[in-house]
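Participant: In the order they appear, the protein sequences are chains A and B. Going by this note's numbering, 108 is the number at position 108 of the first sequence; the sequence numbering is gapless. Going by this note's numbering, 1008 is the number at position 8 of the second sequence; the sequence numbering is gapless. Glycine is no exception: its CB is placed at the ideal position from the N, C-alpha and C atoms. I'd like to ask some things about the structure below.
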Amino acid sequence: MAERDPNAPHGKDEEQAFRLQLVALIPHLRAFARTLAGDPASADDLAQDAMMKAWDARASFQMGTNMKAWTFMILRNQFYSEKRRAWRQTQLDQEAAERTLVAVDDPEAPVALDELRLSLAKLPSEQREALVLVGAGGFAYEEAAEICGCAVGTVKSRVSRARRALQAILEQGAYDRDGGSAADAMRSILADAERLATGR
Amino acid sequence: MIEQSLPRRRADAALDEARLRQQAIGIKLRQMFDEVVNEPVPDEFLDILRRADLKKSDKA
Chain A
1 MAERDPNAPH
11 GKDEEQAFRL
21 QLVALIPHLR
31 AFARTLAGDP
41 ASADDLAQDA
51 MMKAWDARAS
61 FQMGTNMKAW
71 TFMILRNQFY
81 SEKRRAWRQT
91 QLDQEAAERT
101 LVAVDDPEAP
111 VALDELRLSL
121 AKLPSEQREA
131 LVLVGAGGFA
141 YEEAAEICGC
151 AVGTVKSRVS
161 RARRALQAIL
171 EQGAYDRDGG
181 SAADAMRSIL
191 ADAERLATGR
Chain B
1001 MIEQSLPRRR
1011 ADAALDEARL
1021 RQQAIGIKLR
1031 QMFDEVVNEP
1041 VPDEFLDILR
1051 RADLKKSDKA
């Protein structure tokens, strides 16, 4: 682990504030990790590693700046550096992503959500992460660009390509589903979204 | 008149439909993410942080 600087600028109160904020971010780190890693267990491993990396690096964090974006960037870097190390698994990424996104042990889970998970897993990873950050994580394009280490325009085009691709996949049912056609995927998502929106 | 406005109305309707679909996808995407956010955090996470804290006070 990284050696801590004894002259770290964080006082006891600041460290406590940092800790509280970090703990509050754990659910979000888990959710982001779940969209990146191979299965729910390795997603939690990834989220824990990211949490500890953030904790160890707390002296370098500027209190008052966006801690959520900062921790997401740490998590993403952690994920891709581990992936580079596990070079032999590279070709399994796609399968792994599908497994994770589909790995919901709740038989009552709405069908529409499964459809979305399957379709999302079909997207190239850079499109998927951009869409997740902006479309689900609540980040501005600028923040997502910082997290992904790319230009704002790149994030914008990835998000828009991801949206179009996702819609096309859902409409064509162009993903695998055990023995079934997915022609109704878009319809069930529309119906489900409407139900959610009207609170019925 | 009718020949002109009908295609336009159709185009508008198609745009509305596309917008509706994107909105629906957006809603479901957030739901998928929030589902995990709303899960209880496994004790492991807080245990690890606590252990890190203990290690630090041991050293001090």
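1) Give a yes or no on contact between the segment 35–52 of chain A and the segment 143–150 of chain A, applying the rule of three or more CB pairs nearer than 8 Å.
2) By alpha-carbon positions, which one of A:A50, A:G64, A:A69 ends up nearest to E82 (chain A)?
3) Along the chain, where does the alpha helix (DSSP H) containing F79 (chain A) start, and where does it finish?
4) Can you give me the C-alpha to C-alpha distance between T65 (chain A) and S42 (chain A), rounded to a whole angstrom?
5) Under 8 Å between beta-carbons, which chain C residues line up against V159 (chain A)? List them in chain order, please.
6) Check whether chain A comes within 7 Å of A1014 (chain B), counting only Cβ atoms and requiring the distance to be less than that.
7) For the ligand ADP, is there any heavy atom lying closer than 6 Å to the beta carbon of V1037 (chain B)?
8) Grouping DSSP H, G and I as helix and E and B as strand, with all else coil, what is V23 (chain A)?
9) Chain B partners of W70 (chain A), CB-CB under 8 Å?
10) From L1054 (chain B) to W55 (chain A), what distance separates their C-alpha atoms?
11) Name, please, each residue of chain B whose Cβ falls closer than 7 Å to the Cβ of L196 (chain A).
12) Helix, strand or coil: how does DSSP classify A57 (chain A) here?
13) Listed in chain order, which residues of the segment 30–48 of chain A have Cβ atoms closer than 7 Å to some Cβ of chain B?
14) Whole angstroms is fine: what's the gap from A162 (chain A)'s alpha carbon to P1042 (chain B)'s?
15) Identify whether P1007 (chain B) lies in helix, strand or coil by the three-state DSSP scheme.
16) Would you say G153 (chain A) faces chain B, with C-beta separation under 7 Å as the test?
17) Return the first residue and the last residue of the alpha helix (DSSP H) that Q172 (chain A) is part of.
Facilitator: Put simply:
1) These segments do not touch.
2) When each option's Cα is compared against that of E82 (chain A), the closest is A:A50.
3) F79 (chain A) -> alpha helix (DSSP H) spans 67–85.
4) Per the coordinates, the alpha-carbon of T65 (chain A) lies some 29 Å from the alpha-carbon of S42 (chain A).
5) The chain labelled as chain C is not found among the protein chains of the depicted structure, namely A and B.
6) Not closer than 7 Å to any Cβ of chain A, the Cβ of A1014 (chain B) fails to qualify, so no.
7) Judged by which ligands are present, the structure shown has none, so any question about the ligand ADP falls away.
8) Reduced to three states, the DSSP call for V23 (chain A) is helix.
9) Those do not exist, as W70 (chain A) stays about 17 Å from chain B at its closest Cβ, beyond 8 Å.
10) Distance from the CA atom of L1054 (chain B) to the CA atom of W55 (chain A), rounded to whole angstroms, is 13 Å.
11) Within chain B, I1027, Q1031 have C-beta atoms less than 7 Å from the C-beta of L196 (chain A), given in sequence order.
12) Here A57 (chain A) carries a coil assignment [DSSP, helix/strand/coil].
13) Answer in chain order: R30, A31, R34, D44, Q48.
14) Taking the straight line joining both Cα atoms gives about 31 Å.
15) Three-state DSSP puts P1007 (chain B) in a helix.
16) Answer no: the Cβ-Cβ gap between G153 (chain A) and chain B never drops below 7 Å.
17) It spans 152–172 - the alpha helix (DSSP H) in which Q172 (chain A) sits, taken as one unbroken run.
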